[in-house]
Each structure stands twice: as C-alpha cells, then as structure tokens.
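Just so we're aligned: 363 in the numbering used here is position 201 of the sequence shown, and the numbers increase by one with no gaps anywhere.
Beta carbons are placed, not taken as given, at the ideal position from N, Cα and C, and that holds for glycine.
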Amino acid sequence: MSHEHSAFRPVPRTGVIYVTNEAQKRGFSATDPEWCNLGQGQPETGELPGAPPRVRHVEIGVDDQEYAPVAGIWELREAVASLYNSLYRRGMPSQYSAENVCVSGGGRASLTRAAASLGHVNLGHFLPDYTAYEELLDIFKAFTAIPILLDGARGYAFGADELRREILGRGFGAILMSNPCNPTGKLVQGEELARWVSTARELDCALLLDEFYSHYVYSGPPGRLPVESAARYVEDVDADPVVIFDGFTKNWRYPGWRLTWTLAPKDVVEALASAGSFLDGGGSRPLQRTAVPLLAEEHVVAETTAIQNAFRAKRDYLMSHLQRLGVRVDRAPDGTFYVWGSLEQLPPPLNDGMAFFRAGLEEKVIVVPGEFFDVNPGKRRAGRASRFKGYVRFSFGPSMATMERAVERIGRMVKP
C-alpha cells in the first residue's frame, strides 16, 4: 500500500528514466539481449575498432581514499585545460588553465552547480532540448527560464542574428543549450558558432553550452579532427561569458564513471566550486586520478576517430531504415547519437509518440516520446498538448546488431 507524505512533492522523472521504468515493468533488463533499447542516453561502452583499450582496472592509492577537492584534483583540471588548448586554442594568446576547470560527479551535477550560481536573470532555453533541463530550470528560483521554440520545418535553425534579437528583446542574461542538440542532432558550428560567442561577449550574455556530444560530429573541415567547441572561438578565457560542460560520459564512453567538468572564467569556476561545496561535495578521487592519462591528445584523437567511424555507420543505417518505414526526419543529425523522428505520416495511433512508445514495448523496443523534450519548467504551459507529441527520439547508442533487430521489429509494428 502506498502512502503520500505531505512534506514531499511529486518529482517527475526524466524521459530516459521514465521509459526505462515502464520497460522494467514488462521485464526489461539491460543485460537481456532480447530487448532493443533505442531509448538509452548512453553510447555502447565496449571495444570499438581502432579505439584505445578500455580501462578495466582502477588502482587506488592510499591518499586517494580521501575526499577530492570540490573543484577536482589539480592534475585532472590541468589535463582538461591542456586538452582544450591543444584541440582548440593553438597559438592563441589566451589559454585555459587548471583554474578555469571545475570537476563534478556527472553532467547533472555540473549543470546543477551552474544553475545554483546564476543570479536574478532571464535565462533562455530552446525547444526541443534535453529532458533533464526541465526540473533543473524550475528548482532554483533566482532566475526566470524563458523558452525559445525552434521550427522543424527550418531544420531547427537559429542564427546569430536571431540570438541577438532574443537577447535584446527578452533581456536574457544567459542562454542554456545542448550543442550538438539532444534530441535533434543540430550543431551550431564554425563561423556561426564564432558569431554566437562574439554576440555573447558584446552583449554580456552568458552562454551555457552542454557539449557532451561534441565528439559525435559527422561533418567538419577536411584535415581537422571533426570535434567542435565554443572554446575555439573564445577570445579571453577569463573575460568571455562562455561556460562549457563536458565529460567522460559520452565523448570517452565511460558513463558509469560519473566524471565531468565545467570550463569557464576563473571567477565563475570559484562560484561553481562554492555551489558544489553545499550541493554535492565533489566527485570520486580515484576515478579522477585514473582519468588523467585518458585526456592525452593522442588518446582522444584515437577514441574520437573510432567513435565517429562506428556511430556514423549506425546513424546512416538507422535514419535510412526509419525513413523507409515512414518516419520523417526534419534534419539529418549533425552530431549526437539520436535520430529525432516525426511520426505524422504513420497511421493512428502510431502517429502519437506515447502510443508509439507503448507499441514498441510490446515488441521489446524502447524509444523516448518527443513530449519529454518540450522543456516546461514549473509546468507553466499546463493544459496544452505538447508541440512534440508526434515525435520520438531514437538512440543509435547501442550496437549495430541491436539497431538491426530494432528496425526489423519497428517494421512489424508499422507494417504488420
């Protein structure tokens, strides 16, 4: 018998947690090969052709039994700064240092520290975007979250001129976005990203950029590793209002390590560490120590190249087969490991994301309904149907063999 306790409010689950829980009610287990989890928000974590060997053992020194500093161990902070300088800032006078890095125990911890450090500002966020932003943007009351709706018919485009208008028109002090975007795969890159950073600098609007998929980029200038970061376009690392979130979760394929970082001006890093001192206390010291050599540039280049070869093939396979089955894709994903599919051409009830998800469970296929990405802090738009009811996010994070089984089963669903 369940009880309701008046001191506690109902706390919603993020999209991935919701669909996983629903699948578990039907017998889903992550170790059961019968299930095809296209709802997962993590990449396959095993060996990939051409990738460095996976870490299989963690040595723990006696001193590393102690708490880590809230901002992370110094050696890891230095290694993160050095990697960004090497990948994005060669020859530039302003370079990142360890003092520009704040280490956290997971991406949500990084974002929560940042949200807790924001002042009384208007914060812009995009629709659709990462489902976990919803509670994050509601729980801290200092800032006001204001949505910006992107148009699928335009491929979710949003240029620097539009950014300028929104900042000036709505008085934004900060903008939060995932880049590449989870779920659409849209990437702001190159000259356009340079203009975003320039606009933020000129108008003193903080860019909070979730770059967790920045090594899953399927285009780029020839001869350059196809990775992208706003760090490439920052002029002064301590003056430009650019805050970057990344970590081992996606780009190193170690989600279980819960090891992430924030790259920001030094005064922002100090604020984030202060927030971390009361929010989470810091991450795992042994894993931080183990992570240091994995940030060497040659390791990152090999891992990223292997990721892109494997995941580009899965992207192309999944997207082409979904389109053949009647799922419309507004734009091919520039990055991430997701296909954001419109179901409007499918027969009812499969043209509804939640109904498609329920039907998928019967075939042991998990997807995430699009309405979870209609980020709605505080449910201020209550009573309206989600703009993304007719969408589903399909993950090509799992193996190619899983993709093939999933496509066959989805085919049975939509063309019985």
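- The straight-line gap separating the alpha-carbon atoms of Ile-222 and Pro-455 is approximately 15 Å.
- Between Phe-550 and Leu-280, the C-beta gap is not smaller than 9 Å, which leaves the two residues out of contact.
- Under the 10 Å beta carbon count, Leu-311 is surrounded by fewer than 16 other beta carbons and is classified as exposed.
- The criterion of a C-beta distance shorter than 9 Å is not satisfied by Ala-294 and Gly-445.
- With contacts defined as CB atoms closer than 9 Å, Arg-420 and Gly-559 fail to qualify as a contacting pair.
- Just measuring C-alpha positions, the residue of Arg-327, Asp-372, Pro-388 and Tyr-395 sitting nearest Arg-357 is Tyr-395.
- Around the C-beta of Gln-450, 16 or more other C-beta atoms lie within 10 Å, and the residue is accordingly described as buried.
- Cα atoms of Pro-417 and Ala-243: separation of roughly 21 Å, rounded to the nearest angstrom.
- As DSSP reads the structure, Cys-264 sits in a beta bridge with Thr-424.
- When beta bridges are read from the DSSP output, Pro-531 appears opposite Val-554.
- Assigned with DSSP and collapsed to three states, His-219 falls in coil, not helix or strand.
- Exclusion of the five residues before and after Gln-470 leaves His-377, Tyr-378, Val-379, Tyr-380 and Pro-388 as the residues of its chain whose Cβ lies within less than 8 Å of its Cβ.
- Secondary structure note for Gly-286: it is in no alpha helix (DSSP H), and the uninterrupted beta strand (DSSP E) holding it is 284–289.
- One thing to note: Ile-329 has its Cβ within 9 Å of the Cβ of Leu-365.
- Put simply, of Leu-249, Pro-255 and Val-265 the residue whose alpha carbon is nearest the alpha carbon of Asp-408 is Val-265.
- The C-alpha of Gly-385 is placed about 45 Å away from the C-alpha of Pro-174.
- For the pair Ile-235 and Val-489, the Cα-to-Cα distance works out to about 47 Å.
- Bounds of the alpha helix (DSSP H) holding Met-562 are 562–576.
- For Ile-572 against Phe-190, the beta-carbon gap comes to about 17 Å, at or over 8 Å, which does not count as contact.
- Between the alpha carbons of Asn-199 and Arg-327 lies a gap of roughly 40 Å.
- Rounded to whole angstroms, Pro-255 and Asn-538 show a C-alpha spacing of 41 Å.
- Secondary structure note for Leu-311: its beta strand (DSSP E) is the uninterrupted segment 306–311.
- In terms of Cβ geometry, Leu-349 and Glu-324 do not form a close pair [threshold 9 Å].
- In the DSSP assignment, Ala-336 falls outside any alpha helix (DSSP H) and lies within the beta strand (DSSP E) extending over 334–340.
- Here Ala-368 carries a strand assignment [DSSP, helix/strand/coil].
- The residues Asn-284, in chain order, have a CB closer than 6 Å to that of Gly-333 in the same chain once the five nearest residues on each side in sequence are set aside.
- With 16 or more other Cβ atoms from the protein chains shown falling within 10 Å of its own Cβ, Ala-277 counts as buried.
- It is roughly 13 Å from the alpha-carbon of Asp-372 to the alpha-carbon of Gly-497.
- Judged by beta-carbon spacing, Ala-304 lies beyond the 9 Å limit of Glu-354, meaning their Cβ atoms are not closer than that value.
- Each residue's CA atom was taken as its position, placing Val-224 and Met-562 some 42 Å apart.
- Asp-400 carries a coil assignment under DSSP once its states are collapsed to helix, strand and coil.
- With 16 or more neighbouring CB atoms inside 10 Å of its own CB, Lys-412 falls in the buried class.
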